[in-house]
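In our numbering, the protein residues as written are 530 to 1214.
Report on the structure given below.
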């Protein structure tokens, strides 16, 4: 899997993340249980059921349920034992981390959960303590699993580095491991091979498929002086490349590093409940301690200590903690049925707050299927003359533009003696039936033994078509010229076209008050033309992956940013954005795994519909948090003054939980107007 150097870069970031996740629980960025981010022997994420944290949470749930049943049957001793087992199983996933965090002076929701659980036990409400242990451990297990899956997606980036590389040393070709390459080495890249690390072409001409790195939709020309990047695929000509970066420092390694940094940053502040609860935890502990201390001085210590423990139970954030998870589960379930995969509550919360949507061009706004958009015949020639000659050369060719031309003219008479001129085009000969060659007896260009050439302007002089070629290039199209017997017969313009629904999708986003921007590695002319057609005014072109990530950071000045992309080159921007969104049907594994949300269908109109859904879910979350928070604010003083004892406090908590759950389930309802019903239909097409 990739080179050791690159792998080491990825590993170091993961190590930092693991080290950071050793503190308190539930929404604390430093939280983990005993089973965080586990991986199997092959480096991939374990299934959820194989996670130690999930198994402990499952055991806590089974024991708690069994304890409820035993209590209903009045088997009190059995019920107590089962509840104790649930507390031990669930607590194992977060109590050790809470204690480690306390040693370092950190308080979090897990601290309050631990103290509340202990207080409930001291007051004899062991069932309440068991329920807290189960719910909290389950939330921890699900979060750990999501983290492990996201890190696994980085492997796709490193696999772009070939297993071996060929260098020229002392006039000989030597095969080495990519991590042995050093700046200044002469790297030989044969046709069809991937470039092992960044460099500059010394000699040779070819085309390079750089879509994985820059997002360029059409292969780019490479000649002496051209900068090349690790992971790009060489076309038909051999290249000699002077290495400019070690594998550990090349463009792919930078992509991995940016993704890891962004993932660590995103874990620090995206959980709404945690942000509200964090200052609440030490305040509750201080209030409870003050009640016990002051009451012991001026009254019966036993009474006031008991009241302090009742305050802790009253402040136990059961409804508060469950308000977000219930809403998240309901909203994510509805979105999933509509073809939108949302990876957790943090992604849902952040998406609902988005104010800017940045979109990649190739494969996101466009179909990623270059097609012929125009044919300009020379004087005395027809459109069919131009296409038949071009298709004759492309019929048995690996040329990057062959598919687009053959789609326009699918049944040509193949040319013979076709030769690829690296970095320029094709040359061949087309004979008529009077030459008695094998093949069809019908010819379509009207020429006998014509020498044909196809290539870029510069390789072929456009002559009288110079103005037409400039006009086509201004439209953002890749233009090739076709020549027969030394005379230009026409020009063909090829472009990756806009998705038919892109205009509607962008208009809907604007209707939601969202600003849009295009971020692409493609050339400026193509980007500006397509952005204008889609209704996007903010265009940033010719970007590398790190440039996209930096621009996302800049766009964040206008509020939270969502980035939509489909390729490996989009991975840093997807990770850097507040919300990364992958086009699932077209996207690479790296984009889908790095993203927070994946649109599993290929209809871009799902994006604004999903945004509307997320905003509604976020409003429901805030309502539930306000309700549960209001109950806490009411219960704490009533408990502290002795107005409410333990029994009514627990009863109110249970009623609050029912109300919060009922409210949260509303997020799972799909509305007929502006919701996800249309998205569901689109996902099935």
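Just so it is clear, CB atoms sit at the ideal spot from N, CA and C, and this is done for glycine as well.
Check, Outcome
"Any alpha helix (DSSP H) of 4 or more consecutive residues that is wholly inside the segment 875-927", "912-923"
"DSSP-derived helix/strand/coil call for residue 701", "strand"
"Simplified DSSP state of residue 1095, which is helix, strand or coil", "coil"
"DSSP state of residue 1074 mapped onto helix, strand, coil", "helix"
"Beta-bridge partners of residue 829, as assigned by DSSP", "None; residue 829 has no bridge partner."
"From 1155, 1073, 1139, 667, residue whose alpha carbon lies closest to that of residue 780", "1073"
"The segment 657-665 touching the segment 615-622, judged by at least three CB pairs closer than 8 Å", "yes"
"For residue 1132, the first and last residue of its enclosing alpha helix (DSSP H)", "Element bounds for residue 1132: n/a, residue is neither H nor E."
"Through-space distance from residue 1127 to residue 883, alpha-carbon basis", "16 Å"
"Unbroken beta strand (DSSP E) run spanning residue 979, endpoints", "979-984"
"Residue from 940, 1131, 718, 1095 with nearest C-alpha to residue 733", "718"
"Counted within 10 angstroms of its Cβ, other Cβ atoms place residue 1240 as buried (16 or more) or exposed", "One cannot answer for residue 1240 here, as it falls past the ends of the chain, which runs 530 to 1214."
"Where residue 755 falls: helix, strand or coil (DSSP)", "coil"
"Identity of the residues DSSP links to residue 958 by a beta bridge", "945, 980"
"Among 993, 983, 934, nearest to residue 909 - alpha-carbon criterion", "993"
"Span of the alpha helix (DSSP H) around residue 631", "624-632"
"Identity of the residue in 1083, 1032, 633 nearest residue 1132 by Cα", "1032"
"For residue 700 and residue 902, the rounded distance between their alpha carbons", "47 Å"
"Host beta strand (DSSP E) of residue 608 (start-end)", "Counting along the chain, residue 608 falls outside any beta strand (DSSP E), though it belongs to the alpha helix (DSSP H) covering 605-620."
"Residue from 1189, 1098, 613 with nearest C-alpha to residue 759", "1098"
"Neighbourhood of residue 1087 by C-beta, 8 Å cutoff - its chain only, sequence neighbours within 5 removed", "884, 885, 1044"
"Under 8 Å between C-beta atoms of residue 955 and residue 935", "no"
"Spatially closest choice to residue 835 from 989, 1170, 1049, 1159, by CA coordinates", "1170"
"Among 877, 1076, 1078, the one whose alpha carbon lies nearest that of residue 1151", "877"
"Of the listed residues 616, 1198, 1140, nearest to residue 879 (C-alpha basis)", "1140"
"Selection from 595, 1025, 917 that minimises the alpha carbon distance to residue 1054", "1025"
"Cα-Cα separation, residue 999 to residue 1034", "31 Å"
"Inter-residue spacing [alpha-carbon to alpha-carbon] between residue 558 and residue 811", "With a pLDDT of only 35 at residue 558, under 50, the local geometry of the prediction cannot be trusted, and the value read off the model is given with reservation. Spanning the two alpha carbons is a distance of roughly 17 Å."
"Inter-stretch contact at 8 Å, needing at least 3 Cβ pairs: the segment 713-728 / the segment 769-776", "yes"
"Test item: CB-CB of residue 1221 and residue 703 under 8 Å", "Missing from the structure shown is residue 1221; the chain here goes from 530 to 1214 and no further."
"Cross-strand partners of residue 1020 (DSSP beta bridge)", "905, 1010"
"Assigned secondary structure, residue 737 (DSSP; H/G/I helix, E/B strand, else coil)", "strand"
"Beta-carbon spacing of residue 1019, residue 1011 below 8 Å", "yes"
"Beta-carbon gap between residue 586 and residue 881 smaller than 8 Å", "no"
"Counted within 10 angstroms of its Cβ, other Cβ atoms place residue 1196 as buried (16 or more) or exposed", "buried"
"CB of residue 841 within 8 Å of CB of residue 650, strictly", "no"
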